[in-house]
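Have a look at the structure below before the remarks.
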Amino acid sequence: MSLKSAPARHPLLTTAAWVVGGVAAFYGLFWLISFVLGQMPDPIGPRADLFVEGARTTLLLTLISGAFGLGVGALVGLARTSHLWLLRLPASLFIWVIRGTPLLVQLLFVYNALPAILESMGLNVQLNEFSSAVLALALNVGAYNAEVIRAGLQAVPRGQNEAARSLGLSGTQTMVTVVMPQALRIVTPPLVNNMVALLKDSSLASSISLLELTLAGSRVSSETFLPIPVLTTVAAVYLTLTTVMTLFTDQLERRLKVVSR
1 MSLKSAPARH
11 PLLTTAAWVV
21 GGVAAFYGLF
31 WLISFVLGQM
41 PDPIGPRADL
51 FVEGARTTLL
61 LTLISGAFGL
71 GVGALVGLAR
81 TSHLWLLRLP
91 ASLFIWVIRG
101 TPLLVQLLFV
111 YNALPAILES
121 MGLNVQLNEF
131 SSAVLALALN
141 VGAYNAEVIR
151 AGLQAVPRGQ
161 NEAARSLGLS
171 GTQTMVTVVM
181 PQALRIVTPP
191 LVNNMVALLK
201 DSSLASSISL
211 LELTLAGSRV
221 SSETFLPIPV
231 LTTVAAVYLT
241 LTTVMTLFTD
251 QLERRLKVVS
261 R
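Residue numbers for the sequence shown follow the UniProt record's numbering, beginning at 1 and rising by one.
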């Protein structure tokens, strides 16, 4: 009597289940943070809602910026490996500028200078604190993601490309079906690290008055003149967010490696 093996789950269903589980976990995490902080004495307990609001903004800013940054990194990384200098040169210039200037300067430039530049070009674009932070963080992490993706694509042995082309595959087919699946295993760990680092870098958004976790802590500290418990609480919440995000990104890394086999 033969035993039938359980059917494999579709990768899209597995990824969707991972996303739903992540959302549910973070909702539960924010409830737990709110409950724990609410039980603490002054100056934390009476202002627990402010810390939770800042933590939500921090996580939302990280997820949106990370998603856009991944798209930017993929486009720029592919352009960096292109044989056309018209694509390669602007991509190299973008990476050079972003990696050579501080993130704080980039945030201030996007928030204060970019709207004026666009207005001088006849474009009336208004950027609030959140959209400015998303744009600056996405461009910043996108430049680092681009270098990761470029290195991953170039790490695939050239013989793989030549073998695929000898079988009659086009350049696009070779990239999509042969090179990118192998590069995915290489680039996933550093891309995950960039995402976790982005959560901590989002604290710089306080410089443009975005009420995220760091600015929430600064306001409470300025109001109560008790920096030690406030900063300790802010650090603990950051540590909790990065720990949970690392657990889920590790799971995603394992799933992507399985899918890419």
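Yeah, the Cβ is synthetic: ideal placement off N, Cα and C, and Gly gets one too.
Pairwise C-alpha distance: residue j and residue i
i      : j      : result
Leu169 : Pro181 : 15 Å
Ala197 : Val52  : 20 Å
Gly100 : Tyr144 : 11 Å
Thr174 : Lys200 : 37 Å
Ala183 : Leu231 : 41 Å
Ala146 : Phe248 : 23 Å
Gln39  : Gly152 : 48 Å
Thr240 : Phe68  : 24 Å
Pro7   : Met245 : Per-residue confidence for Pro7 stands at a pLDDT of 48, beneath the threshold of 50, marking its modelled position as unreliable; the derived number appears in the next sentence. Answer to the nearest angstrom: the Cα atoms are 30 Å apart.
Val237 : Trp85  : 46 Å
Val20  : Leu29  : 14 Å
Tyr111 : Gln154 : 36 Å
Arg185 : Ser92  : 24 Å
Gly71  : Ala25  : 25 Å
Val156 : Ile98  : 26 Å
Ala133 : Leu107 : 6 Å
Leu210 : Thr177 : 42 Å
Selected residue, minimal CA-CA separation from residue i, among the options
i      : options                           : result
Thr233 : Val244, Thr243 and Leu213         : Leu213
Leu137 : Leu63, Ala55 and Leu84            : Leu63
Arg254 : Val192, Gln126 and Thr224         : Val192
Phe109 : Leu93, Ile186 and Asn140          : Asn140
Leu226 : Ala133, Asp49, Pro41 and Tyr27    : Pro41
Leu59  : Ile208, Gln251, Leu210 and Ser202 : Ser202
Gln251 : Met121, Pro189 and Asn128         : Pro189
Arg47  : Pro229, Leu241, Thr243 and Tyr238 : Pro229
Leu114 : Leu84, Leu127 and Pro102          : Leu127
Leu61  : Ala74, Ser206 and Leu32           : Ser206
Thr243 : Met195, Ser221, Gln106 and Ser65  : Met195
Ser65  : Val176, Arg158, Leu211 and Phe130 : Phe130
Ser221 : Leu211, Pro43 and Gly159          : Pro43
Cut-off 8 Å between Cβ atoms - residues of its own chain near residue i, not counting five sequence neighbours on either side
i      : result
Pro90  : Ala79
Ser34  : Ala48, Asp49 and Val52
Ile95  : Val76, Arg80, Ala143, Ala146 and Glu147
Thr224 : Asp42, Pro43 and Val230
Leu104 : Leu204 and Ser207
Asn124 : Leu118
Where the alpha helix (DSSP H) through residue i begins and ends
i      : result
Pro190 : Met180 to Asp201
Leu104 : Leu103 to Leu108
Ile208 : Counting along the chain, Ile208 falls outside any alpha helix (DSSP H), and DSSP gives it neither H nor E.
Asn145 : Glu129 to Ala155
Glu119 : Leu114 to Ser120
Arg47  : No alpha helix (DSSP H) contains Arg47, which DSSP labels as neither H nor E.
Phe94  : Trp85 to Arg99
Glu223 : Leu213 to Thr224
Proximity test, residue i beta-carbon vs the ligand MN heavy atom, cut-off 8 Å
i     : result
Gly77 : Although the ligand MN was asked about, the structure shown includes no ligands whatsoever.
Sequence-distant residues of its chain with Cβ nearer than 7 Å to residue i (five each side left out)
i      : result
Ser82  : Arg88
Ser218 : Ser206
6 Å CB neighbourhood of residue i in its chain, flanking five on each side removed
i      : result
Ala216 : Leu50, Phe51 and Gly54
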